[in-house]
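Numbering (this note's numbering), first residue to last: 35 to 521. Where a beta carbon is used, it is the ideal one built from N, C-alpha and C, also for glycine.
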Amino acid sequence: MGIRYLTKFVDRGLVRRKRERVQGTLVVDGNCILHSLHTMEWSNGGQYREFRNAVCRFYSNLLESGITPIVVFDGVDETQKIDILLGRKKERLITIDRNITRNASRQAVCKGHILPPLTSEVYRMALYDLEIQFYVADGEADVVIARLANHYHCPVPSLDSDFFVFCLVGGFIHFKYFDWESYPATAVFYHRDWFAGQLCFRDTSLICMIPALVGNDFMEPCHPYFLKLMVCSVKSPRVRKVCCHLSKFNSVKSFIEESFGGKTLEPKCLKAQQWYEGSQDLSCEELVLSTDLRHHNGSEFPKWLVRLFHLGHIPSSAMGAAVSCKAIFRVVADNFKKDSSVLAAKPIQERMYALLEVQTVVEVVRSGLTLAKLKANTKEREYRAVTATSVSFLSHQERQSLFYEILECSKQNINLKLSGSYQDWRFVAATVRVWARTTCPPTYLVRSLLLSFTLCSCLPDESFRRLKVPLWFRQSQEWLDTLHWFC
Numbered sequence: 035m036g037i038r039y040l041t042k043f044v045d046r047g048l049v050r051r052k053r054e055r056v057q058g059t060l061v062v063d064g065n066c067i068l069h070s071l072h073t074m075e076w077s078n079g080g081q082y083r084e085f086r087n088a089v090c091r092f093y094s095n096l097l098e099s100g101i102t103p104i105v106v107f108d109g110v111d112e113t114q115k116i117d118i119l120l121g122r123k124k125e126r127l128i129t130i131d132r133n134i135t136r137n138a139s140r141q142a143v144c145k146g147h148i149l150p151p152l153t154s155e156v157y158r159m160a161l162y163d164l165e166i167q168f169y170v171a172d173g174e175a176d177v178v179i180a181r182l183a184n185h186y187h188c189p190v191p192s193l194d195s196d197f198f199v200f201c202l203v204g205g206f207i208h209f210k211y212f213d214w215e216s217y218p219a220t221a222v223f224y225h226r227d228w229f230a231g232q233l234c235f236r237d238t239s240l241i242c243m244i245p246a247l248v249g250n251d252f253m254e255p256c257h258p259y260f261l262k263l264m265v266c267s268v269k270s271p272r273v274r275k276v277c278c279h280l281s282k283f284n285s286v287k288s289f290i291e292e293s294f295g296g297k298t299l300e301p302k303c304l305k306a307q308q309w310y311e312g313s314q315d316l317s318c319e320e321l322v323l324s325t326d327l328r329h330h331n332g333s334e335f336p337k338w339l340v341r342l343f344h345l346g347h348i349p350s351s352a353m354g355a356a357v358s359c360k361a362i363f364r365v366v367a368d369n370f371k372k373d374s375s376v377l378a379a380k381p382i383q384e385r386m387y388a389l390l391e392v393q394t395v396v397e398v399v400r401s402g403l404t405l406a407k408l409k410a411n412t413k414e415r416e417y418r419a420v421t422a423t424s425v426s427f428l429s430h431q432e433r434q435s436l437f438y439e440i441l442e443c444s445k446q447n448i449n450l451k452l453s454g455s456y457q458d459w460r461f462v463a464a465t466v467r468v469w470a471r472t473t474c475p476p477t478y479l480v481r482s483l484l485l486s487f488t489l490c491s492c493l494p495d496e497s498f499r500r501l502k503v504p505l506w507f508r509q510s511q512e513w514l515d516t517l518h519w520f521c
């Protein structure tokens, strides 16, 4: 349930609509747009070019319409959302297993919504190429998006119903009603006071009580029996009935004091009100330089690390491990009969934990068709040898040496073999070498990957043709193994 039922009010025309031209600055919910644009089949290895083209088309249209987008992504996984995140990952496991291994021979297109491993990276690289600003929030991006939007007095496009509740100066654009392909771009703008007026609320702040009662990603819904007593409904209560109940009160205070069980719900109600309308405005510069995140030992992170994290150069999973000593890895379409493909990078992950001064991390990874918790321990000699604090004092050459040391490669060997115009390929060669050593793929796959790199670096996009894996081949062990090696 949750407040996504508010979207149904909009779909059924229960809230007044107003279509306007979209112009100026726009604070974009990056994760939401990522999922909205990625509608391609995911079983053939990613469909990355098609996805990149979709991202470029979306943002290019915004730029051509005179819109300046500021994109914000989610950061460290919030502890209060862990159960929801794990639930979603279990659903993805079932979806992948059902599509790739069980029903592959009967389905022309894999159903469900699975993001291939490098989707986020492709998305961000497209933003780099288009010179569009993007940032990473400390944790859940919703509040940061609302604060940025209010600072720049601009609207927010998203599919997240939470933005109906946030107090947004520039309004909310539900992505379903955003005609970004038109020129100029137009959209239906929703403002909280309009929404509250259509719901007959006497105080717009009462709208914050909807998630407090029916729940959202951060708050559990009230018990159905308790809600039934509150709204005096015989049937199972819905958001609309809750709204009818809330419309009887003059303010949040009167709801708490006069409603059945209101005093019991007071902490939850005040928390919801604080979440949706209690934060001050925030500029991009303030976002980059400030953080509420703390190292698990209570210390502050170096300023340069905070800045790079907010600019998207530090993986959120690594930052999350330093904050909570936990790492939840993504579920990808690999061979479920083998250990998760993410374990191939375990030596590198352990060195990253050491750089962030974390000795033990609980990693949540796929194990068969379930999720398992594994402990990753940093080697004693590596822990505190070079840390995030001290690495900033290393010279460029020393950092390169550290990079090769972590990848267990000989810097001298690679530099000798790749000199002159081939120098740019040194890091590529080093990472391919790690992949070949830790994963042990057949030699022909290593050669085919290197051939693909060479072709991609010198041929125009139009010269490539996408070849799909035949349906009858998808269930073969050879295909599953190949999928696994490349993951």
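- Non-local C-beta neighbours of TYR310 in its own chain, meaning closer than 6 Å and more than five positions away in sequence, comprise VAL199, PHE200, CYS242, ordered along the chain.
- Short of 8 Å from the beta carbon of GLN393, and not among the five residues preceding or following it, lie these beta carbons of its own chain, in chain order: TYR387, ASN411, THR412, TYR417.
- The beta carbons of THR59 and TYR211 sit no closer together than 8 Å.
- Secondary structure within the segment 427-466: not one fully enclosed beta strand (DSSP E) run of 3 or more consecutive residues is present.
- For the options CYS188, VAL178, VAL366, the alpha carbon positioned closest to that of ARG55 is the one of CYS188.
- A straight-line Cα-Cα distance of about 23 Å links LEU261 and GLY231.
- Of the residues assessed, ALA219 falls on the buried side of the cut-off, its CB having 16 or more other CB atoms within 10 angstroms.
- Judged by DSSP in its simplified three-state form, GLY295 adopts coil rather than helix or strand.
- Sorting ASP117, ARG132, GLU384 by C-alpha distance to the C-alpha of ALA419 places GLU384 at the top.
- Residue pairing from DSSP leaves LEU164 without any beta-bridge partner.
- If you check the CB distance, LEU240 and PHE289 come in under 8 Å.
- In the three-state reduction of the DSSP assignment, LEU149 falls in the coil class, being assigned neither a helical nor a strand state.
- With 16 or more other Cβ atoms inside 10 Å of its own Cβ, ASN250 counts as buried.
- DSSP places THR59 in the strand class (E or B) of the three-state scheme.
- Shortest Cα-Cα distance from LYS372 to any of ARG433, THR404, LEU233, LEU345 involves THR404.
- When the alpha-carbon of ALA464 is set against those of LYS115, PHE252, SER444, LEU483, the nearest one is in SER444.
- Three or more Cβ pairs closer than 8 Å define a contact, and the segment 430-447 falls short of that threshold against the segment 355-363.
- Its chain contains ASP63, CYS66, ASP176 as the residues whose beta carbon lies nearer than 7 Å to that of ASP194, once the 5 sequence neighbours on both sides are disregarded; these appear in chain order.
- Each residue's CA atom was taken as its position, placing GLU292 and GLY100 some 50 Å apart.
- The C-beta of ALA406 has fewer than 16 other C-beta atoms within 10 Å across all chains shown, which makes the residue exposed.
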